[in-house]
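Anchor point for the sequence shown: position 163 equals 163 in full-length UniProt numbering, and the numbering is continuous, going up by one each time.
All C-beta atoms in this analysis are idealised placements derived from N, C-alpha and C, irrespective of residue type, glycine included.
Before any comments, here is the structure.
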Amino acid sequence: MSYRVRSRHQLTDDQVANASGALTATLNRQQWLTDWLAHAMIDLEQVVMNPDVQPHVRFFLKGGRALAYLFGRPQDGANDWDSQVLIDPDLPADEWYAVYRKVSNRLLVALMRKKAEFYSLLNANAAQLIHLPLPIGIAADPFADAAPDPGSLPETPSTQRDLEDEEAPFSRSCKAELIDVGMPRRDTIECREQWVQLAQDIIRPTDGMPIPGFAYYIDEYLTMVREFFAGEPRAQAKAHKRIERLAELMARDGAAIAILHAYERIPNGILQIAAQPVAAFAASQLAPARQPLHYVLIELLDQFATAYEMELEPLLAAQFAEYLVEWMPQAEALSQHNALARFRLSVDATPMADAIGFGQWLSDRLQAHVAGRAALIATQREAIDALIRALYADSIFDQQSELELQMAIGGSLAAALHAQYEHARGAKLEPVGKVTIGLYYTDRATDPATAIELVKPLLAPFVDPQPGALFQMDDSHPGRLLLFAANVEIIEPFGPYEPLVIEIVAKRVRVRPLISFIWGFPVLSLRDLILEYQTRAAHVVEFAMRGMLRRTARSLTDMLMKVRQ
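See below:
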């Protein structure tokens, strides 16, 4: 709803923003309007989830309103009704945009009808609005700690003067927001991340309102608190409220199911070492703090294990678990949590906050460990390059024939090769802590295990028991070959173990990837490599690793734009 605010003095952006917020809060606190808007959201879901697009589309309420529904207190919501439409980003482009057009057109018609309904409703309740006191500021919203929308920017109203009003010659437009429907684009990281998180996790805990499930909110709030401990300026103002909100989330029954699923994903090698010490550490706290602390530690274990693919490296998993158990008793000191801010927290939230700060400390060391592995791989590049050439040249992958199976370097080495070729020295890329080689195929009938068997003989000269071999092979994972260092390495902060150096994976894809040849190496094209990084970021929620994957995807996108110019 558009309004104008008038003043005897020049209006600042902050004053206009406050007026917009106050108007939004004033309207959204009217019970007659709240009831109508709640029904309107259900109606919009039915419009969006038409049977002809339903398998590929999701609709849900988000933001502070959704959080109020999650806690069973929808009446406490005071902000506008933000909602989101997601369309499956794995649809082919032509199909995705066909669905987008259908959904957009139906939404537009539905919103126009809702606008007409609203004006009728507004007219019927005009007397109540006329007698409302003038809003002085934005009323406190109990759910204002919700995450900001990805990529959202503050709106800057246009400045205009209405000189016809001599008493208030200055005026600017402002608005009261009622319903906001977002729809991320197909090629964005946000679309892919949200689809992975929410395609199977839309719940209706209160009055049938579709909202994200507990796992989504646990990840979101844990990420926001991690941002605070990482020192990000934007995270400081609401840190206290977000820590308390996360503790409240962890105390809910719905959180137990999400944490159970996280626990089941943690590799057994980590659980065997860390599960009992983590439980004992949580049990040593005051009763109100035990569950939030225990749940957060489980969530952190799951996030780190997933982000660093520890299910493929049991030796790394064991080193990590032992390191965590060793340093966990010092979580309060290692978190570097400001003493005054810590003192202000409730008794149930304080140990949990220390654990998240400790998680940030652990994350810094894991990132340093990846950098150390990259340094090790740099010393082995000659052998690695020879292995890749042996796989590609004079083999089934030579360029003389067209095969169903296609080989290409992916991951961090592909990103590094593109950056070197494009002279992108300032690119923020993932360190080459592991070499990834993909064997891509499109036919459903292709057996990934058979694809792996085709390349195994080519690796024989490079692995044990060959004299002086740098690698040892693990073929116990279906459709995957892992080459670990043949020698024990000490890479800080962990003790001696044999790290994973090369991963060869057979992958079924919908469309065969484009291949770039860089200094004789077959490398995933920038287009396909960006998609690979977006997909990885969608499946990783650990704050530091997801940030690294996002930055790499952005840097690769910048390279692609430069190439196309």
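Between the alpha carbons of residue i and residue j, how many angstroms are there, rounded?
{"i": "G495", "j": "Q319", "result": "7 Å"}
{"i": "L153", "j": "A485", "result": "Residue confidence for L153 is low, a pLDDT of 40 falling below 50, so the modelled location carries little weight and cannot support an answer."}
{"i": "V523", "j": "A415", "result": "9 Å"}
{"i": "L33", "j": "A126", "result": "12 Å"}
{"i": "L324", "j": "E332", "result": "14 Å"}
{"i": "L560", "j": "Q406", "result": "22 Å"}
{"i": "E322", "j": "A274", "result": "7 Å"}
{"i": "A124", "j": "K115", "result": "14 Å"}
{"i": "Q245", "j": "Y217", "result": "According to the sequence provided, residue 245 is Arg. The question's Gln does not apply to it. Rounded to whole angstroms, R245 to Y217 spans 10 Å at the Cα level."}
{"i": "V511", "j": "H56", "result": "19 Å"}
{"i": "M49", "j": "D43", "result": "10 Å"}
{"i": "A289", "j": "A40", "result": "40 Å"}
{"i": "T557", "j": "P89", "result": "17 Å"}
{"i": "G21", "j": "H9", "result": "20 Å"}
{"i": "Y97", "j": "A199", "result": "18 Å"}
{"i": "P150", "j": "A237", "result": "Any reading at P150 needs caution, since the residue's pLDDT is 49, under 50, leaving its predicted position unreliable; the model's value is listed next. Spanning the two alpha carbons is a distance of roughly 18 Å."}
{"i": "P478", "j": "T26", "result": "59 Å"}
{"i": "A419", "j": "L387", "result": "22 Å"}
{"i": "R546", "j": "I179", "result": "30 Å"}
{"i": "P277", "j": "S346", "result": "24 Å"}
{"i": "Q272", "j": "M548", "result": "29 Å"}
{"i": "T12", "j": "A78", "result": "24 Å"}
{"i": "P493", "j": "L315", "result": "14 Å"}
{"i": "E453", "j": "A445", "result": "16 Å"}
{"i": "residue 629", "j": "R113", "result": "Residue 629 cannot be examined here, being either before or after the span of the chain that is shown, 1 to 565."}
Would residue i and residue j be called neighbours here (beta carbons separated by less than 8 Å)?
{"i": "M250", "j": "Y295", "result": "yes"}
{"i": "V181", "j": "L107", "result": "yes"}
{"i": "Y440", "j": "A408", "result": "yes"}
{"i": "L529", "j": "V563", "result": "no"}
{"i": "I491", "j": "R373", "result": "yes"}
{"i": "Q194", "j": "P184", "result": "yes"}
{"i": "A258", "j": "F214", "result": "yes"}
{"i": "A537", "j": "P448", "result": "no"}
{"i": "A544", "j": "S363", "result": "yes"}
{"i": "V540", "j": "A307", "result": "yes"}
{"i": "H240", "j": "A383", "result": "no"}
{"i": "R474", "j": "K456", "result": "For clarity, residue 474 is Asp in the given sequence; the question names Arg instead. For D474 and K456, no; Cβs fall outside 8 Å."}
{"i": "Q128", "j": "Q54", "result": "no"}
{"i": "A93", "j": "V47", "result": "no"}
{"i": "R425", "j": "I189", "result": "no"}
If I measure Cβ to Cβ from residue i and keep anything under 8 Å in the same chain, skipping five residues before and after, which residues do I get?
{"i": "A317", "result": "P267, G269, I270, A305, M310, E311"}
{"i": "L163", "result": "Here L163 scores only 40 on pLDDT, less than 50, and its place in the model should not be relied on; the value that follows carries that caveat. Answer for L163: P169, listed in chain order."}
{"i": "D385", "result": "F521"}
{"i": "Q472", "result": "V463, D464, L483, F484, A485, A486, E498"}
{"i": "G72", "result": "P205, T206"}
{"i": "L466", "result": "The sequence shown places Gln at residue 466, rather than the Leu named in the question. Closer than 8 Å at Cβ, skipping near neighbours: A460."}
Going along the chain, which residues of its own chain have a beta-carbon closer than 7 Å to the beta-carbon of residue i, five neighbours each way excluded?
{"i": "V370", "result": "P431, G433"}
{"i": "L293", "result": "A282, Q285, P351, M352, A355"}
{"i": "A235", "result": "M224, E227, F228"}
{"i": "P157", "result": "Note that P157 has pLDDT 40, beneath the 50 cutoff, so the model's placement of it is unreliable and the number below is only indicative. Closer than 7 Å at Cβ, skipping near neighbours: V16, R172, S173, C174."}
{"i": "D165", "result": "Bear in mind that a pLDDT of 47 at D165, under 50, signals an unreliable position, so the model cannot answer this."}
{"i": "R344", "result": "H240"}
{"i": "E177", "result": "T24, D80"}
Below 6 Å CB to CB, which residues in the same chain sit around residue i once its five sequence neighbours on both sides are set aside?
{"i": "L300", "result": "G359"}
{"i": "M209", "result": "L61, Y69"}
{"i": "Q197", "result": "Y216"}
{"i": "I298", "result": "I259, A262, Y263"}
{"i": "W361", "result": "L334"}
{"i": "R186", "result": "P89, W96"}
{"i": "L481", "result": "I452, D475, I504"}
If residue i sits next to residue j, beta carbons under 8 Å apart, how far is it from one beta carbon to the other, in whole angstroms?
{"i": "V85", "j": "F118", "result": "No, V85 and F118 are not in contact; Cβ-Cβ is about 20 Å, not under 8 Å."}
{"i": "G410", "j": "E313", "result": "Incorrect: roughly 18 Å between the Cβ atoms, too far for contact."}
{"i": "D76", "j": "N28", "result": "The pair is not a contact, with the Cβ atoms about 11 Å apart (cut-off 8 Å)."}
{"i": "A247", "j": "D145", "result": "Not quite, the Cβ-Cβ distance comes to about 12 Å (not below 8 Å), so this is no contact."}
{"i": "T442", "j": "R508", "result": "7 Å"}
{"i": "T552", "j": "L366", "result": "About 17 Å separates the two Cβ atoms, so there is no contact after all."}
{"i": "T535", "j": "R192", "result": "6 Å"}
{"i": "L489", "j": "L413", "result": "Before going on, a small fix: residue 489 reads as Glu here, not Leu. Between L413 and E489 the Cβ distance is about 19 Å, and since that is not below 8 Å, they are no contact."}
{"i": "A378", "j": "S555", "result": "No, A378 and S555 are not in contact; Cβ-Cβ is about 19 Å, not under 8 Å."}
{"i": "Q303", "j": "E542", "result": "4 Å"}
How do the segment 353-361 and the segment 218-226 stand: do at least 3 beta-carbon pairs fall below 8 Å, yes or no?
-> yes
Does the segment 499-513 come close enough to the segment 428-441 that 3 or more CB-CB pairs lie under 8 Å?
-> yes
Are the segment 279-288 and the segment 506-521 in contact at 8 Å, needing three or more beta carbon pairs?
-> no
contact_flag[the segment 61-80, the segment 88-104] where n(CB pairs < 8 Å) is 3 or more = no
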